[in-house]
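Mapped onto mature numbering (1 follows the signal peptide of the UniProt record, and there is no 0), the consecutive letters of the sequence shown carry residue numbers -18 to -1, 1 to 943.
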Amino acid sequence: MKQLCLFLFLLLPFTAVAGQRKQGVTTFTLANGMSVWLSEDHTQPKVFGAVVVKAGAKDCPNSGIAHYLEHLLFKGTQKIGTIDYVREKPWLDSIAAQYDRLAATVNPSERLAIQRHINNLSLHAADYAIPNEFSQLISRFGGTELNAYTSFDETVFHNIFSPQYMRQWCELNAERLKDPVFRLFQGELETVYEEKNMYADNLLASTAEKAQQIALAGTPYAYPIIGATDSLKNPRLTEMMRFFRERYIPENMGLMLCGDFCTDSLRPLLERTFGTLRAASHRQPAPSPVASLRDFTHMPLLRLKVPVPIVKIGGRAWKAPGEKNADYSAFKVMTSMLVNDDRTGLIDSLMVSGRLLFAAGMGYDFKDFSAWGFGYVPRLPFGSRTKADHLCLVQIDKLRRGDFTDDALRAAKLTLKRNAELCLETINGRSKAMINAFSHGIDWQSVEAEGDNIDGVTRADVMRVAGKYLGDDCLRIAKKFGSYPKERLKQPGYKPVEPKNAGRQSTFASRIAREPVEKTLPRFIDFDKDAAHIPLAPLVNLYTTSNPRNDIFTLRIIYRRGVRDDRRLDAMADYLNDIGTVRYDKHAFAGLLRGYGATLEAEASSENVTLTLTGIDRYLGEAMGLLGEFLAHAKADRRQFRALVKSEKIGGRTFFKQNSNIARAVMQKLMRGSSSDYLSRLSSRELERMSGDSLVSLFRQLQHWQTDLVYCGSRDTKEVENIIKRNMVLHPVHPWKPAVRKLLPVDENTVYLFDNPSARQTIVGSYECVAPMSTPANRAQFLLWGNYFGSGMQSVLFQEVREFRSLAYSAHGSVLLPDLLTRGGEPCGYVSLIGTQADKATTTALLLDSLLMYMPLRPMAVETARLAIVNSVNNNFPSYRQIGSTIASYRLHGYVRDPDADIVGALDTLNARDLQQFYDRHVRTTPRAIIIVGNKKKLDMRRLGRLGKVVELKRKDIYHE
């Protein structure tokens, strides 16, 4: 529901608010001019590393060059990714020249001849390429989550790695930026096509692109980051190299490191590696002109097509003060008093009171300017958009007049400061803030000062910025039913480029592998030391951990009963977020919590329902008092129940408009049958026959089930125990039982097809049900095979599907392992999913089946896969807020120590021969299901018949409406 209402704000990811507490960020500049930001943090055994380039789509509008370049910087250098660059270079130079010719050629037959020539040249150049060697080396040296992204204002290359590999990480990433080589480009070109196809199938992607084009007209932000289709079809490698030479210079780049290292010892290493990057030998390129939003005052109503019937949607957007503007903090406080996640704002009150079905606000911080707006859905079925718009404007006028309480102002400031600190307290969150600040030209001192700036906001400031910014100069937006045409890119018919050197390594890789590395085991969770544990009552346990960062607490109440046990619990959790108590309605109750800097959120999962109370530790008692009242006296609200039913109906109507939703439902059907999450779900009709009172009654019943409470904060365990016992009645009588929902076998090779003619991209996948893995040793074998076959850039699936044949943008797989101690005797499974162009779907399905039947074995890649699992165990060590919940779950399932320790121990002795034996025994000859979700007319049904019988699925087969 929320996704539908915020279509007007889908132009960019939201930028996190800066925080209050000092977080120990050290900044300096290397001799060559490259900026370095370091944040030492020993709370987790990992480092987040990123190279940030102040160059993005804004600097090459609509061309896609910045985004193409992001992809190409994974292809290696003159030393990485090649067995002989001297012999490879002439072929690459010829390819670059041919792409320039192609971009200047219009005649279709001439273009086809050039493309075929490029294909032939690419086949020769591939004789020297080592595919994905950079990613293999990252995995080999402690790395996980290797990725990159291009935004309007920056391009960022990042991953997480284990601290003992700091030297190797620096060597690899510095080398990557010295002499990049644009090899294997033919395949990457088609991969970007596939990426554009993938975005096009998102329900609201074309709507967002149209909104961006009109709202930001006259600025370089008006164009899609990925570039126009014509630009994608006519890339110029020489232009990309020019962009690299001009923009990827030390003076324009920043190195971000956050995590488990010693700041004082790093500078010499950074000078030896990143400090050797060439400073600009020529005059630096002139910075792009600072863009500004045009005047919206006389713009007509912007009507945007949304492919959702019945629902009316409207909104307004304004220019907002930028991050460096003196009004920035006051504006944030003001907008938080209108709409916020706690639903306590003035516009939120319209939704809580039932005068609107939905309302939400969101802001964006571009480097050059900021924008803010809100969206709303009038009451269904007869609510007026005009009236809804007027109601929102009346609430804004209250801020202009000062018609708000001092308590509301204080609560808004307290909540903003709390959220800001939460954003900065973890390694990942602080890294994100460091990247944003550097790329937007904000020094860290300003980030640290933001909390004080929020504290200083006065009533007069709120009134002033409301009047100054939220006036008539705004963009008015409304939805009209419909959809925008999808551009369809056809496959060019290239011969696959299959590098002969998969599994080999470059001279550079051989050298770096010989360098000494400190042997360090991953950090495992210590149940006794990493969290305190005491029983509070029968079937109730309390876990506590210390918060070393700030005075913000989280208290999770985890009821050990989930949606798999009772399908009504999902709707119940949603409903709990919309109601109050006998004494206070939702708006008043949330306002009381907000006054203590606290929020309460309910969430249901397959196994649990969790209530999370987050707030300021000095107000823990007061917040717990309100929580206790909610637990004992939650009150049904008829208006909110009707809104819940309407939202569920809208969700059902939009489900089949997203290809990825359909693919997940098909896969669940094969794995779980009638127990699929999508078939066993509570339909809108069934929900409508219920009532709010029945959901509240269900909540009271839930409190009789086994419960874990998990606290993270600054108070000691005994104090927390006393506060909990004063405010909660703990009386569970039903012990937890693991939900049994076994994976279903595949009796014979079968193709399951769901016809979706409107999809631009087709999703191809596989499912196999394999024998139980009842010991750590055979589970480790399964994990190793799954990682080798389908996880990461070095996997068989990624290389064969994407790198060698350019059939997809995304290609990945995962193992399905029921819990060892409670369900170890159940079958296990393996699933894979690939997103490909419709006219490539048949070829992709045949290839996927062939790879599962005749998997290539590359011993070096097997070792990389083994190391990747070990790295993941270390790099995914939970944060101090998550570790208590993790231990609670492990203990619930019967573990007395971290189960990852047994997996890592078993992995230590596994090699390529073990993997081959496992594959031969459990995977190769096991019957499999191939799924295809897309346009049936684009498929070759005769060829697909070779894979097994073809079964066509309908809506009712996969989704309970």
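Note that CB positions come from ideal geometry on N, CA and C, so glycine has one too.
By the neighbour-count criterion, in which 16 or more other beta carbons inside 10 Å mark a residue as buried, C244 falls on the exposed side. Unbroken alpha helix (DSSP H) runs of no fewer than 4 residues, entirely contained in the stretch 665 to 753, are found at 666 to 670, 674 to 684, 699 to 709, following chain order. Here the alpha carbons of P360 and A299 stand approximately 18 Å from one another. Around the C-beta of G453, fewer than 16 other C-beta atoms lie within 10 Å, and the residue is accordingly described as exposed. Q819 is bridged by DSSP to Q743. A Cβ-Cβ distance of about 30 Å is found for the pair G46 and I295, leaving them out of contact under the 8 Å criterion.
Ranked by how close their Cα comes to the Cα of L874, the residues V522, S777, R496, D599 have V522 in first place.
When P717, V163, L593, I409 are compared, the shortest CA-CA separation from P520 is found for P717. About 4 Å separates the beta carbons of K568 and G562, which is inside the 8 Å limit, making them a contact pair. With fewer than 16 other CB atoms across the displayed protein chains lying within 10 angstroms of its CB, G927 is exposed.
Runs of the alpha helix (DSSP H) spanning 4 or more residues and lying entirely within the stretch 353 to 431 occur at 367 to 383, 388 to 406, 409 to 421, in chain order. In the displayed model, C42 falls within coil according to three-state DSSP, outside both helix and strand. DSSP places D347 within a strand segment (E or B) once states are collapsed to three. Cβ neighbours of A888 within its own chain (closer than 7 Å, five residues either side excluded): P758, A759, A762.
Inside the stretch 142 to 205, DSSP marks whole alpha helix (DSSP H) runs of 4 or more residues at positions 148 to 158, 167 to 182, 187 to 197, from first to last along the chain. D434 and Q427 have their alpha carbons spaced roughly 12 Å apart. Comparing alpha carbon positions, the residue from K936, T137, N704 closest to S421 is T137. For N893, no alpha helix (DSSP H) encloses it, and the DSSP letter there is neither H nor E. Ranked by how close their Cα comes to the Cα of Y476, the residues N155, H99, D389 have H99 in first place. Taking one beta carbon from each stretch, the stretch 509 to 516 and the stretch 132 to 152 have fewer than 3 pairs nearer than 8 Å; the two do not touch. Counting other Cβ atoms within 10 Å of its Cβ, L94 stays below 16 and is therefore classed as exposed. For I208, no beta strand (DSSP E) encloses it, and the DSSP letter there is neither H nor E. CA-CA distance, E92 to D212, rounds to 17 Å. Taking 8 Å as the cut-off, the Cβ atoms of P504 and V852 count as close. Counting other Cβ atoms within 10 Å of its Cβ, G257 reaches 16 or more and is therefore classed as buried. Two segments are said to touch when three or more pairs of C-beta atoms, one from each, lie closer than 8 Å; by this definition the stretch 378 to 386 does not touch the stretch 827 to 843. Annotated three-state conformation of Y81 is helix, per DSSP. Going by DSSP, R458 is part of no alpha helix (DSSP H) but of the beta strand (DSSP E) stretching over 456 to 463. Residue pairing from DSSP places W300 in a beta bridge opposite W354, C456. Take the alpha-carbon of I120 and the one of L154: they are about 8 Å apart.
Going by DSSP, N102 is part of the alpha helix (DSSP H) stretching over 90 to 107. As the crow flies, the alpha-carbon of A402 is around 40 Å from that of T59.
The straight-line gap separating the alpha-carbon atoms of A553 and P841 is approximately 49 Å.
Taking all protein chains shown into account, E305 has 16 or more neighbouring C-beta atoms within 10 Å of its C-beta and is therefore buried.
A straight line joining the alpha-carbon of D922 with that of T824 spans about 6 Å. Boundaries of the alpha helix (DSSP H) around N769: 758 to 772.
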